[in-house]
Amino acid sequence: AGPAAAGRRAAQAQRVWATPPEGASEFEEASNLLAETPDAVTTSGSGQLTPQGHVAVAVDSGGSYGAEEEVEESDKTALLQEKQQPGFWTFGYYQSFFDVDTCQVLDRIRGSLLPRPGHNFVRHRLRNRPDLYGPFWICATLAFVLAVTGNLTLVLAQRRDPSIHYSPQFHKVTVAGITIYCYVWLVPLALWGFLQWRKRVRERVGPYTFLETVCVYGYSLFVFIPTVVLWLIPVPWLQWLFGALALALSAASLVFTLWPVVREDTRLVAAVLLSTVVLLHALLATGCKFYFFQPLPLEPLAPPPQATSLPLNLLPPPTPRSQVT
Amino acid sequence: MAKAAESSGEPGTTSPRPLFAGLSDISISQDIPVEGEITIPMRSHIREFDSSTLNESVQNTIMRDLKAVGKKFMHVLYPRKSNTLLRDWDLWGPLILCVTLALMLQRSSVDSEKDGGPQFAEVFVIVWFGAVTITLNSKLLGGNISFFQSLCVLGYCILPLTVAMLVCRLVLLAEQGPINFMVRLFVVIVMFTWSIVASTAFLADSQPPNRKALAIYPVFLFYFVISWMILTFTPQ
């Protein structure tokens, strides 16, 4: 029976309902017809015997994001959860990593800012549904904020000492971007690989997936965004204080997340792993501090560098610079 | 379908009810027109079926495209909730704006320092790859806007910032100083806000309501970076 036949049967059923029932047999016939063609009358395919009620609901909902349609969609997705995940060449595969709402992203950011010893970021905040939106855009914001505030310190320094030559320093955007993105992708890859290799030692707690590790690292970098802005204040001990505070919060978030997984392992491996994670994080923070916020002298005693490309180079060049040339 | 079920009691009339309320009492209903015009004449600018554009002069073709681009510029400068940018998208406008901006922003060949301003290619790449990334982001979040429509809107909304760049270059011809900087800062901030408002007016409706902020934030970052490049431009 095609849709035309179903439509005819539905029209018949509606006419039977409209006229007063003359006997029990016609009533039964109508209910049988409606039971046979649930799709023709209702909107969600649930096959109920109250078609008028469902049609009224569809009329009221109107526009594209009505609440009734959302409830029906969630019912459908709940039913379809046994369906296979789409292949990695389809768009839907990548869409599943961006399946977050605004309030969820804000909640995850808050969770990374305030790490608590008992609360595992992956289990409590991510609930094992990692997203790529947070890590990607937090890294992009951090890269641009680093470059912009680094340039702003040069502006402020030039105000104090007019002999310093101001330049937009656009290449720092490239350097910042490459450094941050490499950190958030390569270090979780190494960590995930290591944890997979040690999987056989643990019995109870399974390791995290690669995306969950990337997610943890990405969200843990959020605390550096306000810190970098605060590094504009040209007071050295205050800068170190802010840096240490941000590093402590960020590393604590990482350690509390990794501790349940690493606890099962031998004590030596656990200690080495956690200290490596904290050390790499500290290296990133100090590297950024030295490269983007080179400390400039407060009084113009040093010879004014007009011919050289960079205003001052008091420190040995850190490794990110070698990526530029 | 739902509307037919609702109003199944009365015949399908498109005229307003109070005017013809007593119509059923009169038997000469066929002399009074009760049908309305339900097709909106919008055939005026569908030109893909018009095969004579191949024979027209080059000036006609160019002027037509320029007029379309100019009309969209007006829509960006006075943003209302309209569909023109989305319905008849084109990428000529974004290309013109991006090339103009990159030409004005690039550092001069004399200034070959490593840490000068951006090169032409850097500005071009930032604008186009930034727009592509934002479009991909909004599609991945579940927005129902097409790829090129979104590129078109983001490209056209760079117009206020290009105007800001022109103004900054003119202001920089005067003597440098804090007043010079404050004027430029004010102009760039105003144009940045204008760009954000214009692009939000066009793009916001295509996003699911609980993810609007997630889709708008990258647009904010994109225009912020372009504004920063404009503000820090120093002629050598």
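So the sequences go chain by chain: A and B. Using UniProt numbering, you'd call the opening residue of the first sequence number 1 and step up by one each time. Using UniProt numbering, you'd call the opening residue of the second sequence number 1 and step up by one each time. Don't be surprised by glycine CBs; every beta carbon is placed ideally from N, CA and C. Note that this is a predicted model, so its numbers are computed, not measured.
Within chain A, the residues whose beta carbon sits less than 7 Å from that of Glu-122 of chain B are Phe-170, listed in sequence order.
In the DSSP assignment, Asn-144 of chain B falls outside any alpha helix (DSSP H) and carries neither an H nor an E.
Here the segment 246 to 263 of chain A lies against the segment 203 to 222 of chain A, with 3 or more beta-carbon pairs under 8 Å apart. Sixteen is the threshold: since fewer than 16 other Cβ atoms of the shown chains lie within 10 Å of the Cβ of Phe-194 of chain A, the residue is exposed. Ala-140, Thr-141, Phe-144, Val-148 and Asn-151: these are the residues of the segment 139 to 152 of chain A whose beta carbon lies less than 8 Å from some beta carbon of chain B, given in chain order. Taking a cut-off of 8 Å for Cβ pairs, the segment 140 to 153 of chain B and the segment 165 to 173 of chain B do not touch, as fewer than three such pairs fall below it. Of the candidates A:Ile-233, A:Asp-161 and A:Phe-222, the residue whose Cα lies closest to the Cα of Ala-143 of chain A is A:Phe-222. Distances from the alpha-carbon of Pro-208 of chain B to those of A:Lys-172, A:Gln-158, A:Leu-146 and A:Asp-101 put A:Asp-101 closest. The segment 172 to 233 of chain A is shown to contain whole alpha helix (DSSP H) runs of 4 or more residues at 210 to 220 and 224 to 230, in chain order.
If you draw a 10 Å sphere on the C-beta of Trp-228 of chain B, you find 16 or more other C-beta atoms in it, and that means buried. Nearest C-alpha to Arg-108 of chain A among A:Ser-220, A:Trp-192 and A:Leu-279: A:Ser-220. For the pair Asn-137 of chain B and Thr-193 of chain B, the Cα-to-Cα distance works out to about 22 Å. In this model, Leu-132 of chain A and Phe-290 of chain A are separated by some 29 Å (Cα to Cα). A contact is defined here as three or more CB-CB pairs under 8 Å, and the segment 172 to 184 of chain A meets this definition with respect to the segment 275 to 294 of chain A. Residue contact with chain B for Phe-210 of chain A: absent (no Cβ-Cβ distance below 9 Å to any residue of chain B).
Residue state for His-124 of chain A is assigned as helix, using DSSP reduced to three classes. Linking Ala-282 of chain A to Pro-168 of chain A through their CA atoms gives a straight-line distance of about 28 Å. If you ignore the 5 residues before and after Ala-190 of chain A, its C-beta comes within less than 8 Å of no other C-beta in its own chain.
For Pro-118 of chain B, the chain A residues whose C-beta falls within less than 7 Å of its own C-beta are Phe-170, listed in chain order. Taking 9 Å as the CB threshold, Ser-250 of chain A stays off the interface with chain B. When only Cα atoms are considered, Pro-218 of chain B and Leu-19 of chain B end up about 52 Å apart.
In the structure shown, the three-state DSSP call for Ala-285 of chain A is helix. For the set B:Asn-180, B:Leu-154 and B:Gly-117, the Cα lying nearest the Cα of Gly-130 of chain B is the one of B:Leu-154. Chain order gives the chain A residues near Thr-232 of chain B as Asn-151 and Pro-168, where near means a beta carbon separation below 7 Å. At a beta-carbon threshold of 8 Å, the residues of chain B lying near Thr-102 of chain A are Asn-210, Arg-211, Lys-212, Ala-213 and Leu-214, ordered along the chain.
Using a Cβ-Cβ cut-off of 9 Å, Trp-137 of chain A counts as an interface residue toward chain B, since at least one Cβ of chain B sits closer than that to its own. When secondary structure is reduced to three states using DSSP, His-75 of chain B falls in the helix class. For Val-171 of chain B, the CB contacts under 7 Å within the same chain, skipping 5 residues up- and downstream, are Asn-180, Val-183 and Arg-184 in chain order. Taking 9 Å as the cut-off, the beta carbon of Ile-145 of chain B is found no closer than this to the beta carbon of Tyr-223 of chain B. Counting along the chain, the unbroken alpha helix (DSSP H) around Val-262 of chain A starts and ends at 236 to 262. By the Cβ-count criterion, Gln-104 of chain A is buried, with 16 or more other Cβ atoms from all chains shown falling within 10 Å of its own Cβ.
Per DSSP, Trp-89 of chain B lies in no alpha helix (DSSP H) and is assigned neither H nor E. For Phe-233 of chain B, there is no enclosing alpha helix (DSSP H), as DSSP gives it neither H nor E.
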